[in-house]
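These notes concern the structure reproduced below.
Residue numbers (this note's numbering): 184 to 489.
Here's what the structure looks like:
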């Protein structure tokens, strides 16, 4: 019954977040840039990226946004988000008294930062069997706490028909909670991560945080999530496409980069192999918009308007 779930709604997406913080300009600006396929220019891009990083830190949970607006204090926001994570974990014990569901949730950031090509069950708890997790996933998904991307065995329009149900990645449904989970081992005072992330001074590779927020934004747009991996001919390396969406009878591969991306070998190899199936190719990054060699490089704040 619904009253058993304390929180059973999607977090606010970026557009709703802008509206909630009283920014009535940015949405129109981003939509216009997207429609005209134009870069924002230095100062507007910097401002939009800072607002987007603020969204990544606060997330879309109404209580977290309300706390930020009332107190303008990211420590207070982090405390609220820790409370929400605790509530989630309490709720998870209702669907799974053994605590495994909570362990699965807690291990999401470690899984994504480890760059594994699937969710590694033993990262949640040693000795976990795939059947145990498979039984829990439907309840976790219906509680809106996690998003799932399945491996597409055959990357074309009917990806859901040929997904690999035993091979998937998990994301938290809210990026703000993801950040809190990822750095939960630190108390806020020593956790300079917030200010560094906000001012883009964090040296750590934040690709996994961006991957989580892109997953969240694609789900908010009504997409089911799929990804694809293929082996390299010359090494043990796996090429991976972070996300695949479909448009009409074609697919759009999306690669997510944070910081100074150098190349996109996976995207190139994928597009060579499946050229006839592809509608549009995207690299989502933290730089301004550009189009080059048939690829659209879009700043992460444009994803909701794809």
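Quick reminder that beta carbons are idealized off the backbone N, C-alpha and C, glycines included.
C-alpha of residue 303 to C-alpha of residue 246: approximately 31 Å in a straight line. Residue 349 sits in a strand when the DSSP states are folded into three classes. If the five residues before and after residue 356 are omitted, its C-beta is found closer than 7 Å to the C-beta atoms of 193, 194, 327, 328, 329, 330 and 399, all from its own chain and listed in chain order. Inclusion of residue 264 and residue 243 in the CB contact set at 8 Å is not warranted, their separation being larger than that value. Contact check between the region 388-399 and the region 423-439: three or more CB pairs, one atom from each, fall below 8 Å, which counts as touching. In this structure, 487 is the residue among 487, 317 and 296 with its C-alpha nearest to the C-alpha of residue 404. Within a 10 Å sphere around the beta-carbon of residue 346 sit 16 or more other beta-carbons, which makes this residue buried.
DSSP places residue 228 in the helix class (H, G or I) of the three-state scheme. Residue range 358-365 is occupied by the alpha helix (DSSP H) that includes residue 365. Around the beta carbon of residue 226, fewer than 16 other beta carbons sit within 10 angstroms, so the residue counts as exposed.
Distance from residue 352 to residue 410 at the Cβ level is roughly 6 Å; contact confirmed, criterion being Cβ atoms closer than 8 Å. Nearest in C-alpha terms to residue 463, of all of 476, 419, 470 and 236, is 476. About 5 Å separates the CB atoms of residue 217 and residue 485; that is less than 8 Å, so the two are in contact. Under a 10 Å Cβ-count criterion, residue 344 is classified as exposed, with fewer than 16 other Cβ atoms of the shown protein chains found around its own Cβ. In this model, residue 366 and residue 481 are separated by some 28 Å (Cα to Cα). By the Cβ test, the region 247-257 is not in contact with the region 273-293, since fewer than three Cβ pairs between them sit closer than 8 Å.
Counted as a single uninterrupted DSSP element, the alpha helix (DSSP H) harbouring residue 400 occupies residues 390-403.
Around the beta carbon of residue 359, a 10 Å sphere encloses 16 or more other beta carbons of the protein chains shown; the residue is thus reported as buried. In the DSSP assignment, residue 474 forms a beta bridge with 479. C-alpha of residue 257 to C-alpha of residue 200: approximately 16 Å in a straight line. From the listed residues 468, 282, 324 and 322, the smallest Cα separation to residue 311 is found for 282.
A Cβ-Cβ separation of about 26 Å leaves residue 307 out of contact with residue 427 under the 8 Å criterion. Taken in chain order, the complete beta strand (DSSP E) segments of 3 residues or longer contained in the region 284-343 are 329-335.
The criterion of a C-beta distance shorter than 8 Å is not satisfied by residue 301 and residue 221.
Taking the C-beta atoms as reference points, residue 483 is found nearer than 8 Å to residue 469. For residue 201, the enclosing alpha helix (DSSP H) begins and ends at 197-203. In this structure, the alpha-carbon of residue 433 lies about 15 Å from that of residue 489. Annotation: residue 461 is outside any beta strand (DSSP E) and is labelled neither H nor E by DSSP.
When the Cα atoms are used, residue 431 and residue 213 turn out to be separated by approximately 24 Å. Rounded to the nearest whole angstrom, the C-alpha separation of residue 229 and residue 279 is 44 Å.
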